[in-house]
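In our numbering, each number is its position in the sequence shown, counted from 1, plus 69.
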Amino acid sequence: VAPAASFTDLAVSPGVLYTYNLITVDGHLNESARTSFTVLTPGGAPREPQLHAEGRGGWGVGFALSYNSQLWWKDGATTWKRGKDVGYGFGWKLLAGALTPVYSDSNTISSYVFTDSTGAEYRLITNTAGVWTSQEAIYVSYDSAANKLLFPDGSFWVLRCTSGSSEADAGTKYPTLMRDTNGNQVILKYLAAIGTEVANSSARIDFIEDVRVQYYINDYRTYRFTYNTDPIPHLTNVTDNIGSRE
Numbered sequence: 070v071a072p073a074a075s076f077t078d079l080a081v082s083p084g085v086l087y088t089y090n091l092i093t094v095d096g097h098l099n100e101s102a103r104t105s106f107t108v109l110t111p112g113g114a115p116r117e118p119q120l121h122a123e124g125r126g127g128w129g130v131g132f133a134l135s136y137n138s139q140l141w142w143k144d145g146a147t148t149w150k151r152g153k154d155v156g157y158g159f160g161w162k163l164l165a166g167a168l169t170p171v172y173s174d175s176n177t178i179s180s181y182v183f184t185d186s187t188g189a190e191y192r193l194i195t196n197t198a199g200v201w202t203s204q205e206a207i208y209v210s211y212d213s214a215a216n217k218l219l220f221p222d223g224s225f226w227v228l229r230c231t232s233g234s235s236e237a238d239a240g241t242k243y244p245t246l247m248r249d250t251n252g253n254q255v256i257l258k259y260l261a262a263i264g265t266e267v268a269n270s271s272a273r274i275d276f277i278e279d280v281r282v283q284y285y286i287n288d289y290r291t292y293r294f295t296y297n298t299d300p301i302p303h304l305t306n307v308t309d310n311i312g313s314r315e
């Protein structure tokens with residue numbers, strides 16, 4: 070029973086198809102007809118990251134490919150295309166995580182959605198003086214004033230990349246700095262949005278720098294990403310300078 074117009078189910082598991090029955094009730098306890106709908110929760114079985122950026126002391130961050138299987142929706146006679154291509158293929162993402170604002174109107178943010186490396190999504194709906202917090206067990210928070218994503222273990226991400234208006238995921242934020250409680254860090258840079266020359270304005274990773282970089286060869290990039298010249302540039306190669314097994 071939900072007294073408000075929204076409902077959050079905190080008991081679901083990732084990668085599971087759930088069926089919900091919806092009945093609305095007015096102030097006189099008159100019930101509407103029952104409406105049923107199904108929802109496939111994102112994520113699923115844990116998957117190994119394609120890349121693992123490392124800091125000192127064993128700390129690190131995984132980057133994985135994820136695929137959104139809910140690319141098309143049919144509502145009556147209308148088919149909706151909900152999938153996006155940001156440079157990794159239609160419906161695919163390569164990331165450690167991202168944060169997307171949700172607007173109640175053109176100017177008001179009603180919540181944020183945090184997407185982790187598996188593609189699982191968590192809503193940050195509790196706003197306390199500009200700090201948005203999730204109610205799910207991940208308990209991640211976003212400090213909008215500092216532009217930081219805060220995790221329960223004390224680590225945080227600085228989100229200095231925001232996809233531009235020419236991008237399919239316009240407005241989505243990506244981490245450019247990841248740091249643990251001991252000051253170990255991972256640095257990222259992203260390519261410019263389509264039609265611009267402004268770096269850190271797309272989901273397409275340019276390079277990742279971590280503790281294993283080899284400055285003596287005059288290259289600070291642990292991983293380098295190469296894209297083609299498609300209208301939406303697509304990832305064609307990932308090169309590492311450290312001889313790792315990824």
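A virtual CB, placed ideally from N, CA and C, is assigned to each residue, including glycine.
Spell out the partners DSSP gives residue i in its beta bridges.
i, result
"Thr-27", "What the structure shows of the chain is the stretch from 70 to 315, and residue 27 is not part of that stretch, so it cannot be assessed."
"Val-280", "According to DSSP, which records beta bridges pairwise, Val-280 is partnered with nothing at all."
"Ala-133", "Leu-164"
"Leu-260", "Leu-260 is not bridged to any residue."
"Val-293", "According to the sequence provided, residue 293 is Arg. The question's Val does not apply to it. According to DSSP, Arg-293 bridges with Phe-276 and Thr-308."
"Phe-183", "Leu-168 and Tyr-191"
"Thr-231", "Lys-242"
Identify whether residue i lies in helix, strand or coil by the three-state DSSP scheme.
i, result
"Gly-126", "helix"
"Pro-170", "strand"
"Asp-275", "strand"
"Asn-99", "coil"
"Thr-305", "strand"
"Thr-245", "coil"
"Gln-254", "strand"
"Ser-224", "coil"
"Ile-92", "coil"
"Thr-147", "strand"
"Lys-153", "coil"
"Asp-78", "coil"
"Leu-218", "strand"
"Leu-140", "coil"
Roughly how many angstroms lie between the CA atoms of residue i and residue j, to the nearest whole one?
i, j, result
"Thr-245", "Arg-229", "6 Å"
"Gln-139", "Phe-159", "11 Å"
"Ala-268", "Val-307", "19 Å"
"Lys-340", "Lys-242", "Because the chain spans 70 through 315 in this model, residue 340 falls outside it and cannot be assessed."
"Arg-273", "Leu-304", "8 Å"
"Arg-23", "Gly-126", "Residue 23 lies beyond the range of the chain shown here (70 to 315); nothing can be said about it."
"Ile-207", "Pro-170", "18 Å"
"Phe-183", "Ile-256", "20 Å"
"Ile-311", "Arg-281", "7 Å"
Near residue i, which residues of its chain fall below 6 Å by C-beta distance, leaving aside the five closest residues on each side in sequence?
i, result
"Glu-236", "Ala-262 and Ser-271"
"Ala-165", "Val-130, Phe-132 and Ser-186"
"Trp-149", "Trp-142"
Suppose the cutoff is 8 Å on Cβ atoms and the five residues either side in sequence are ignored; what does the same chain contact list for residue i look like?
i, result
"Thr-265", "Gly-233 and Ser-235"
"Ile-301", "Asp-154, Val-155, Gly-156, Ala-237 and Ile-263"
Check: Does the pairing of the stretch 245-254 with the stretch 218-227 give three or more beta-carbon distances under 8 Å?
Finding: yes
Next item on the list: Please confirm if the stretch 147-163 is in contact with the stretch 189-196, defined as three or more CB-CB distances below 8 Å between the two stretches.
Entry: no
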